[in-house]
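Trainee: Dropping the structure in here first, questions after.
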Amino acid sequence: METGLAILAVCLLLVYSVYFFYIIRSKPEEFEKMLLSGLADWMISHKEKSRRHLHLMLGGSFLVETLYFVLVFLVIQNLLFRVLTGLFVGFEFMHLALLLISMNQFFRGRIPLKYLFNWKIERTSAWLFFTHSLLVLVQLAWW
Numbered sequence: 001m002e003t004g005l006a007i008l009a010v011c012l013l014l015v016y017s018v019y020f021f022y023i024i025r026s027k028p029e030e031f032e033k034m035l036l037s038g039l040a041d042w043m044i045s046h047k048e049k050s051r052r053h054l055h056l057m058l059g060g061s062f063l064v065e066t067l068y069f070v071l072v073f074l075v076i077q078n079l080l081f082r083v084l085t086g087l088f089v090g091f092e093f094m095h096l097a098l099l100l101i102s103m104n105q106f107f108r109g110r111i112p113l114k115y116l117f118n119w120k121i122e123r124t125s126a127w128l129f130f131t132h133s134l135l136v137l138v139q140l141a142w143w
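Note that the numbering used here gives residue 11 to position 11 of the sequence shown, counting from 1, and the numbers run on in steps of one.
The structure is reproduced here in structure tokens:
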């Protein structure tokens, strides 16, 4: 289980490190514009399939995050870190729920693509995942 958690933590750290780099440089908007532009291009090229693919990606994210958090609770014994992880789980649940609502509103034509993401929440999520996964790796190496 420790190895699985370490692999997931490294993957999350690597995935979020690029966005985190833009955030700490105080230029997250540059990265967000690239993401939104890439998403728009991808949606144009995939047309009707994009709705199903986005929902599958969101579901996949939910499964990976669930696995990560379950492994954290099973492997990490630090009570304070478990409490912080529990708060993070609550935040991520809210984050994914709001994203699902936004996706449904977008695909019903109620909001434009540029409002699909709440960038303050996305930045917070990226910052938390980067920091949390780094702390998990430190704890795994330390203990």
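C-beta atoms are modelled at their ideal positions from N, C-alpha and C, and glycine is treated no differently. Please read all numbers here as calculations on a predicted model, not as lab measurements.
#1: If you follow the alpha helix (DSSP H) that Lys-47 is in, where does it begin and where does it stop?
#2: Does DSSP put Pro-28 in a helix, in a strand, or in coil?
#3: I'd like to know if the segment 91-102 and the segment 123-142 are in contact, where contact means that at least 3 CB-CB pairs between them fall below 8 Å.
#4: Are the Cβ atoms of Leu-13 and Leu-137 separated by less than 8 Å?
#5: Taking only the alpha-carbon atoms, compute the straight-line gap between Phe-106 and Val-70 and give it to the nearest angstrom.
#6: For the alpha helix (DSSP H) containing Arg-123, name the first residue and the last one.
#7: Between the C-alpha atoms of Leu-113 and Pro-28, what's the straight-line distance to the nearest angstrom?
#8: Please confirm whether Leu-140 and Ala-6 have their CB atoms less than 8 Å apart.
#9: Cutting at 7 Å between CB atoms, please list the residues of its own chain near His-46, excluding the five before and the five after it.
#10: Distance check for Glu-2 and Met-34, CA to CA, integer angstroms please.
#11: At what residue ranges does the segment 26-103 contain a whole run of the alpha helix (DSSP H), taking only runs of 4 or more?
#12: On the three-state DSSP scale, how would you describe Ile-111?
#13: Count the other CB atoms within 10 Å of the CB of Glu-65; is the residue buried (16 or more) or exposed (fewer)?
#14: Would Asn-118 and Leu-135 qualify as a contact pair, given that the criterion is a beta-carbon distance under 8 Å?
Mentor: Checking against the coordinates, here is how it stands:
#1: Indexing the sequence shown from 1 puts residue 47 at position 47. Careful: Lys-47 lies outside any alpha helix (DSSP H) and carries neither H nor E.
#2: Stepping through the sequence shown from its first residue, residue 28 is reached at position 28. In this structure, Pro-28 counts as helix in the three-state DSSP scheme.
#3: yes
#4: Locating residue 13 in the sequence shown gives position 13, where the first residue counts as 1. Locating residue 137 in the sequence shown gives position 137, where the first residue counts as 1. Yes; because the gap between Cβ atoms is below 8 Å, this pair is in contact.
#5: In the sequence shown, counting from the first residue as 1, residue 106 sits at position 106. In the sequence shown, counting from the first residue as 1, residue 70 sits at position 70. Roughly 31 Å between the two C-alpha positions.
#6: Position 123 of the sequence shown holds residue 123. Per DSSP, Arg-123 belongs to the alpha helix (DSSP H) from 119-142.
#7: As a working mapping, residue 113 is identified with position 113 in the sequence shown. As a working mapping, residue 28 is identified with position 28 in the sequence shown. Cα-Cα distance, rounded: 18 Å.
#8: Numbered from 1 along the sequence shown, position 140 holds the residue referred to as residue 140. Numbered from 1 along the sequence shown, position 6 holds the residue referred to as residue 6. Cβ atoms of Leu-140 and Ala-6: closer than 8 Å.
#9: Along the sequence shown, read from residue 1 onward, the residue named residue 46 stands at position 46. Excluding residues within five positions, the ones whose Cβ falls inside 7 Å are His-53.
#10: Taking the sequence shown and counting its residues from 1, the one referred to as residue 34 is at position 34. Taking the sequence shown and counting its residues from 1, the one referred to as residue 2 is at position 2. C-alpha separation (whole angstroms): 35 Å.
#11: 28-46, 49-75
#12: Translated into the one-based positions of the sequence shown, residue 111 becomes position 111. Note: Ile-111 maps to coil in three-state DSSP.
#13: For this step, residue 65 is matched to residue 65 along the sequence shown. Buried, since its Cβ has 16 or more Cβ neighbours within 10 Å.
#14: Taking the sequence shown and counting its residues from 1, the one referred to as residue 118 is at position 118. Taking the sequence shown and counting its residues from 1, the one referred to as residue 135 is at position 135. Contact: no.
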